[in-house]
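Residue numbering for the sequence shown follows our numbering, starting at 359 and increasing by one per position.
See structure below.
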Amino acid sequence: MNSSPDRGRQTVRSYKAKAVEPISLLAKPDRESALETAGYNVFNLQSKDVYMDLLTDSGTGTMSDRQWAALQQGDESYAGSRSFQRLQKSVQDVMGFEHVVPTHQGRGAENVLYGVLVSEGETVLNNTHFDTTRAHIAAQGADPVDCPLTTSASTRFNGDMDLDRARNTVDKIGHELVPVIVLTITNNSMAGQPVSIQNTRDVAAFAAEINATFVIDACRFAENAAFVKRHEDEFTDATVAEIAREQLSYADAITMSGKKDALANIGGFAAMNDRTLFERAKQRATLYEGFPTYGGLAGRDLHAMAVGLREAVTSEYVFDRIDQVAELGGLLRNAGLPVYEPFGGHAVYANANELYHHIPRSEFPGQRLVCELYREGGVRTVELGQFAFPGTDRPDFVRFALPRRTYFREHLEHVAQTARRVISAADSTVGLTVTETPGMPELRHFSARLEPVSNAVESTAD
Ligand SMILES: *Cc1c(COP(=O)(O)O)cnc(C)c1O
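Shown next, in the form of structure tokens:
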């Protein structure tokens, strides 16, 4: 079935619910007062006041019955835990790396790996640094440089690294100052777009040429492999599991968040084949994460990741996953929301500037859209534009991230219905102004408070 021309499209859902979590939709006046209490910042909302939570897909998914069973088998020994061995075996089988250093989550793996690979004054290239990666490179005193594709022609692999850009940067600063090249698959900060295996090979060859360590940020490696099967002709007949192994085989090391494609609620790890790098990473992990057979996690968490990694590369799981994201994208597009296409692997991105032409960027059209989606339907999303990243020139995107195996078609239709109501009120919607900012500007979107620019205008518009 999977080598048929539709390349793995699932026509039926590959799971059913065994445990359920009640959710409820507050009445509109209650949602409005919750929004006001939260200072028009959805990070300040209580989760009980949220009907559908599309804030992130990080650690918010539904574990399988096998993962829940594995939790019971967690070995909580400080050293030499069986759960660690289970994880190690999964990483060897699924990802092809001999050595594993578990960490409390993905950023812990970044701290451990980049702490030993990167020094002050150096430069790290990445197709696009994810926020925590950027912060950890910067914390080493190094310079994180993004090399995303610049072509306006959209391909099926918009997440690829632009190698000409990478070369130009290296030529300018000298290759001795570039110890590491990273590929983030899928490219989270570029709308979750996939990276081709051809590009992975080219980047690996370039890294070898300049003697740099080639790292893959593998957080969504299984989703990426599903896109490769579907769109990279060489791999039409390969299984997702084979593709994932192939892509990761070009890397010297990986960082991983267990909250993404290990299908767990917490955890992460770094993995590599080089023994010396492993020994150095273990030392740093002991300092920041914990003894290297638990890495800041309970044994049961290691077990949950060990099982989740194997599930992530089954075609039943992963095509269902990326197709559900595309299903949400299609519903939102049909509702009239300007969305970024092609759809990525974990989320749909809406362009708030196109919806709210009349709201200047300084009045946070993206954050206003986030607030309206909550007000109209109890749907929590996140702004990734001018509010989250002050001064960036990227559009004011609003991200609808889908937790794994959690929502059903009716939920997605509710989001589309909500979007319809938001769109019909768009012309009379006003912008927001920040009333309180925390100390660090980079962390503004987590805790700042805002209010509508003119409450008077807004209440007459209602
Ligand atoms: C989530 C994520 C991380 C960081 O992982 P955490 O588990 O949140 O610390 C790093 N890189 C990418 C691409 C991610 O999506």
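For glycine and all other residues, C-beta sits at the position ideal for the given N, C-alpha and C.
Because the structure is a prediction, the values reported are computed rather than measured.
### Given Gly417 as reference, the closest of Leu742, Phe766, Met614, Leu801 once Cα atoms are compared
Counting from one through the sequence shown, the residue named residue 417 turns up at place 59. Considering only alpha carbons, the answer is Met614.
### Query
Can you tell me whether Gly438 is buried or exposed, with buried defined as 16 or more other CB within 10 angstroms of its CB?
Counting from 1 along the sequence shown, the entry for residue 438 is found at position 80. It is exposed - the Cβ of Gly438 has fewer than 16 other Cβ atoms within 10 Å.
### Message
Can you tell me whether Gln446 sits near ligand 1, meaning its C-beta is under 8 Å from at least one heavy atom of the ligand?
### Response
On the sequence shown, residue 446 is found 88 positions in, with the first residue counted as 1. Every heavy atom of ligand 1 is 8 Å or more from the Cβ of Gln446, so no.
### Task
Note the first and the last residue of the continuous beta strand (DSSP E) segment covering Thr542.
The residue given as residue 542 occupies position 184 in the sequence shown. Note, Thr542: beta strand (DSSP E), 538-542.
### Message
With three or more beta-carbon pairs closer than 8 Å as the criterion, would you say the stretch 488-496 touches the stretch 658-668?
### Response
no
### Query
By Cβ distance, which residues of its chain are closer than 7 Å to Gln682, with the 5 residues on each side in sequence left out?
Here residue 682 corresponds to residue number 324 of the sequence shown, with the count starting at 1. Within the same chain, Gln682 has close Cβ partners Leu760.
### Opening and closing residue of the alpha helix (DSSP H) in which His494 lies
Position 136 of the sequence shown holds residue 494. Looking at the DSSP string, the run of the alpha helix (DSSP H) that includes His494 is 489-497.
### Bounding residues of the alpha helix (DSSP H) (the contiguous stretch that carries Glu468)
As a working mapping, residue 468 is identified with position 110 in the sequence shown. Residues 464-475.
### Task
State the Cα-Cα distance for the pair Val378 and Lys406, rounded to the nearest angstrom.
Stepping through the sequence shown from its first residue, residue 378 is reached at position 20. Stepping through the sequence shown from its first residue, residue 406 is reached at position 48. Between Val378 and Lys406, the C-alpha separation is close to 15 Å.
### Query
Just curious, the beta strand (DSSP E) that His457 is in, first and last residue?
For the purposes of this step, residue 457 is taken as the residue at position 99 of the sequence shown. His457 -> beta strand (DSSP E) spans 457-461.
### Query
Looking at the unbroken beta strand (DSSP E) that takes in Gly625, where does it start and where does it end?
Against the sequence shown, residue 625 aligns to sequence position 267. No beta strand (DSSP E) holds Gly625; DSSP gives it neither H nor E.
### Query
CB-CB under 8 Å to Leu690, same chain, minus the five flanking residues each way: which ones, in chain order?
Within the sequence shown, residue 690 is the residue found at index 332, counting from 1. Counting only Cβ-Cβ distances below 8 Å, and skipping sequence neighbours, we find Val697, Val706, Ala708, Phe758, Val773, Ala774, Ala777.
### Task
Return the bridge partner residues of Val697 from the DSSP annotation.
Counted from its first residue, the sequence shown places residue 697 at position 339. Per DSSP, Ala708.
#### Entry: DSSP three-state assignment for Leu383, whether helix, strand or coil
Locating residue 383 in the sequence shown gives position 25, counting from the first residue. Three-state result, Leu383: coil.
### Query
Taking just the CA atoms, how far does Val676 sit from Ser372?
Translated into positions along the sequence shown, residue 372 becomes position 14. Translated into positions along the sequence shown, residue 676 becomes position 318. Approximately 10 Å between the Cα atoms of the pair.
### Message
Would Arg603 and Met453 be called neighbours here (beta carbons separated by less than 9 Å)?
### Response
Translated into the one-based positions of the sequence shown, residue 603 becomes position 245. Translated into the one-based positions of the sequence shown, residue 453 becomes position 95. For Arg603 and Met453, yes; Cβs fall inside 9 Å.
### Where the alpha helix (DSSP H) containing Val598 begins and where it ends
Within the sequence shown, the letter at position 240 stands for residue 598. Counting along the chain, the alpha helix (DSSP H) containing Val598 begins and ends at 598-607.
### Task
Using 10 angstroms around the beta-carbon of Lys386, count the other beta-carbons present and answer buried if the total reaches 16, otherwise exposed.
Within the sequence shown, the letter at position 28 stands for residue 386. Answer is exposed; the Cβ neighbour count stays below 16.
### Message
Within a Cβ cutoff of 6 Å, which residues of the same chain sit near Arg802, ignoring the five residues on either side of it in sequence?
### Response
Working through the sequence shown from its first residue, we reach residue 802 at position 444. For Arg802, where only same-chain residues beyond five positions count, the Cβ hits under 6 Å are Thr795.
### Query
By the 10 Å Cβ neighbour count, where 16 or more other Cβ atoms means buried, how is His462 classified, buried or exposed?
The residue you call residue 462 lines up with position 104 of the sequence shown. So His462 counts as buried.
### Task
Have a look at Gly703, Pro723, Ala428 and flag the residue whose alpha-carbon is nearest the alpha-carbon of Val780.
Here residue 780 is taken as the residue at index 422 of the sequence shown, counted from 1. Measuring from the Cα of Val780, the nearest candidate turns out to be Pro723.
### Task
Taking Val780 as part of the alpha helix (DSSP H), name the residues at either end of that continuous run.
Along the sequence shown, read from residue 1 onward, the residue named residue 780 stands at position 422. Per DSSP, Val780 belongs to the alpha helix (DSSP H) from 767-782.
### Task
Could you name the residues whose beta carbon sits closer than 6 Å to any heavy atom belonging to ligand 1, keeping them in chain order?
Ser416, Gln463, Gly464, Arg465, Phe488, Thr490, Thr491, Thr542, Asn546, Asp575, Cys577, Ser615, Lys617, Lys618, Gly626
### Message
Would you call the stretch 458-476 in contact with the stretch 628-647, where contact means no fewer than 3 C-beta pairs closer than 8 Å?
### Response
yes
### Message
So for Asp885, helix, strand or coil by DSSP?
### Response
With the chain represented from 359 up to 820, any question about residue 885 goes unanswered, as that position is not in the structure.
### Task
Sort out for me which residues DSSP pairs Ile612 with in a bridge.
Counted from its first residue, the sequence shown places residue 612 at position 254. Answer is Ile574, Ala629, bridged to Ile612.
#### Entry: contact_flag[the stretch 528-546, the stretch 556-573] where n(CB pairs < 8 Å) is 3 or more
yes
### Task
With distances taken Cα to Cα, identify the nearest neighbour of Met519 among Gly397, Arg642, Thr542.
Locating residue 519 in the sequence shown gives position 161, counting from the first residue. It is Thr542.
### Query
Could you check where the alpha helix (DSSP H) with Ala566 kicks off and where it finishes?
Start at 1 with the first residue of the sequence shown, and residue 566 comes out as number 208. Ala566 -> alpha helix (DSSP H) spans 555-567.
### Query
Which residues in the same chain have their Cβ closer than 8 Å to the Cβ of Leu606, if we skip the five residues on either side of it in sequence?
Here residue 606 refers to the residue found at position 248 when the sequence shown is read from its first residue. Met453, Gly454, Phe455, Ile574, Ala576, Phe579, Ile612.
### Through-space distance from Gly616 to Phe593, alpha-carbon basis
Within the sequence shown, the letter at position 235 stands for residue 593. Within the sequence shown, the letter at position 258 stands for residue 616. Distance between the alpha carbons of Phe593 and Gly616 is about 26 Å.
### Bounding residues of the beta strand (DSSP E) (the contiguous stretch that carries Arg807)
Residue mapping note: residue 807 aligns to position 449 of the sequence shown, counting from 1. Note, Arg807: beta strand (DSSP E), 807-810.
### Message
Rounding to the nearest angstrom, what Cα-Cα distance links Glu741 and Phe515 in this structure?
### Response
Walking along the sequence shown from the start, residue 741 turns up at place 383. Walking along the sequence shown from the start, residue 515 turns up at place 157. Glu741 and Phe515: Cα-Cα distance of roughly 24 Å.
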